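In what follows, a structure is listed as structure tokens, so that the remarks can point back to it.
In structure tokens form, the structure reads like this:
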């Protein structure tokens, strides 16, 4: 029986097979490393966006969130101060009229503060309320009597709840000293307004919870631009003469219950 001849073994065959194995192992290793590398370095991560939208100032870095917060403080005053004046006239209970007084005092103070901060940071501020805020004012203008009291308390309480969450986020994360101090002032003022609005006895907490989850207030579009290197900001028109030094708020109404009826809770 004739035996088969084995093919000759040479160095070229050995190295060729070894090369295939090494190439396969390297491909497997790269496939495992690439997703980790690409995830850690990809654009669009929170830190990447923060750094891209942050500009240096003499008071510390100013982020897009900081600029959005400054704009929101100004916008809040542009509609809540006239709403406070209206409540002082149209409110049917002492508690509603007192809430109006708090809105007037608080936003007169915050408006002066935010205009000073914007001027220091060379930021432009709006001089008109947003479309949503104008709709809220139109709703209050059309309401009368007890219906007005209820709409006033619930619309303003919803708006303050949304701003309150933004204030907390900015205060916790900002690296700008001017923004940090403005957030402190806004926190004190907004919490005071939430307290006196709830003291009216008209706040519907079930509806408030649903609206807060739905987040019916749209974000600012487009986002506020960073300060320009050479141009001065457009002047923000004061909404009212500055309040007296010391900024003291009137006392809340002693009874939160509306006259002639019961409020929602």
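In the numbering used here, the protein residues as written are 10 to 274. For every residue, glycine included, the Cβ atom is placed at its ideal position computed from N, Cα and C. For clarity, every value in this text was computed on a predicted model and none was experimentally measured.
Discussion item. Could you check whether residue 77 and residue 185 sit closer than 8 Å to each other, using their CB atoms as the reference points?
Written reply: no
Worksheet item: Secondary structure at residue 62, three-state DSSP: helix, strand or coil?
Response: helix
Fill in: CB contact flag (residue 149, residue 161, <8 Å)
yes
Item to complete: Report the three-state DSSP secondary structure of residue 165 (helix, strand or coil).
Response: helix
Worksheet item: Beta-carbon separation of residue 94 and residue 113 under 8 Å?
Response: yes
Worksheet entry | Alpha carbon of residue 180 to alpha carbon of residue 133, nearest angstrom | 21 Å
Item to complete: Inspect the CB distances between the region 86-104 and the region 114-132 and report whether three or more fall short of 8 Å.
Response: yes
Worksheet item: Excluding the five sequence neighbours on either side, which residues of its own chain have a C-beta within less than 8 Å of the C-beta of residue 200, listed in chain order?
Response: 173
Worksheet item: Taking all protein chains shown into account, do 16 or more other C-beta atoms lie within 10 angstroms of the C-beta of residue 67, making it buried, or fewer, making it exposed?
Response: exposed
Worksheet item: If you drop the 5 nearest sequence neighbours on each side, which residues of the same chain put their C-beta closer than 8 Å to that of residue 170?
Response: 203, 217, 221
Practice prompt. State the CB to CB distance for the pair residue 128 and residue 209, rounded to an integer number of angstroms; the pair is presumed to be in contact (CB under 8 Å).
Written response: No, residue 128 and residue 209 are not in contact; Cβ-Cβ is about 36 Å, not under 8 Å.
Worksheet item: Is residue 142 buried or exposed, if buried means 16 or more other CB atoms sit within 10 Å of its CB?
Response: buried
Fill in: Best match in 215, 106, 178 for proximity to residue 154 [C-alpha to C-alpha]
106
Fill in: Alpha carbon of residue 115 to alpha carbon of residue 82, nearest angstrom
11 Å
Worksheet entry | Distance CB(residue 196)-CB(residue 176) smaller than 8 Å | yes
Item to complete: Compare the C-alpha of residue 219 against each of 207, 205, 167 and name the closest.
Response: 167
Worksheet entry | Assigned exposure category for residue 65 - 16 Cβ within 10 Å defines buried | exposed
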